[in-house]
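Taking it in order: structure first as structure tokens, then the write-up.
Right under this line is the structure:
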């Protein structure tokens, strides 16, 4: 049985690489009774205009064949995960989640599961961090980042902190265009109703930008 306090992060991944960490900007959403609820992080390239001398023609020709190439995807950097949509300039792969910092008993359970899977010739990949998803991966345009954060802040700042306790394991399947992924998740036992209220608020924020809301089957 695992317990966490509800704290949420928004992560905006670079349109060039799913794990870009450039220029992180952190905003804290205030909560009632001085309790912090949501720590919003948006990682994006804040390109500043500068005056440069024009490049010589010889240098331009060195890179003329690479200017329009799509970003090469290396799924090994992301635990075998691949993009759910192709690279698009100015679009950020974004999702909202509640961060979970496990205790030692959680890692013991993970190791037991990994060994059990290995005994059946199943390779179980363990993520570096754990979380509760509140959205699917969204295509957020660069100029939507600030309005999206502001909308989340307005909708979530009135929630009190609450505890979430996990109890049982559940097997999930995610079918993509190119491959199917199977993963294990923990079902929420305590705090489900409060979590569902937050999920609905996040869904309403996502709908403001005409983006797909979270999956109907949630646990």
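Numbering (full-length UniProt numbering), first residue to last: 1 to 219. Built from N, CA and C at the ideal position, the CB exists for glycine as well. Just so you know, these numbers come straight off a predicted model, no measurement behind them.
TODO: Can you check the segment 150-177 for any beta strand (DSSP E) of at least 3 residues that lies completely inside it and give the ranges in chain order?
DONE: 163-175
Task: residue 220 and residue 98 closer than 8 Å at C-beta - done: Residue 220 falls outside the range modelled here, since the chain spans only 1 to 219, and no answer is possible.
Open item on the list: Between the segment 134-141 and the segment 157-168, can you find at least three pairs of beta-carbon atoms closer than 8 Å?
Closed with: no
Task: Terminal residues of the alpha helix (DSSP H) in which residue 106 lies - done: 104-119
TODO: Could you pull the start and end residues of the alpha helix (DSSP H) that residue 91 belongs to?
DONE: Premise fails: residue 91 lies in the beta strand (DSSP E), 91-100, not in any alpha helix (DSSP H).
Task: Backbone CA spacing between residue 100 and residue 89 [nearest angstrom] - done: 31 Å
Open item on the list: If I measure Cβ to Cβ from residue 182 and keep anything under 6 Å in the same chain, skipping five residues before and after, which residues do I get?
Closed with: 173
Open item on the list: Whole angstroms are fine: how far does the CA of residue 216 sit from the CA of residue 205?
Closed with: 16 Å
TODO: Go ahead and label residue 126 buried or exposed: buried means 16 or more other beta carbons lie within 10 angstroms of its beta carbon, across all protein chains shown.
DONE: exposed
TODO: Go ahead and label residue 171 buried or exposed: buried means 16 or more other beta carbons lie within 10 angstroms of its beta carbon, across all protein chains shown.
DONE: exposed
- [ ] List the endpoints of the continuous beta strand (DSSP E) containing residue 132.
- [x] 130-133
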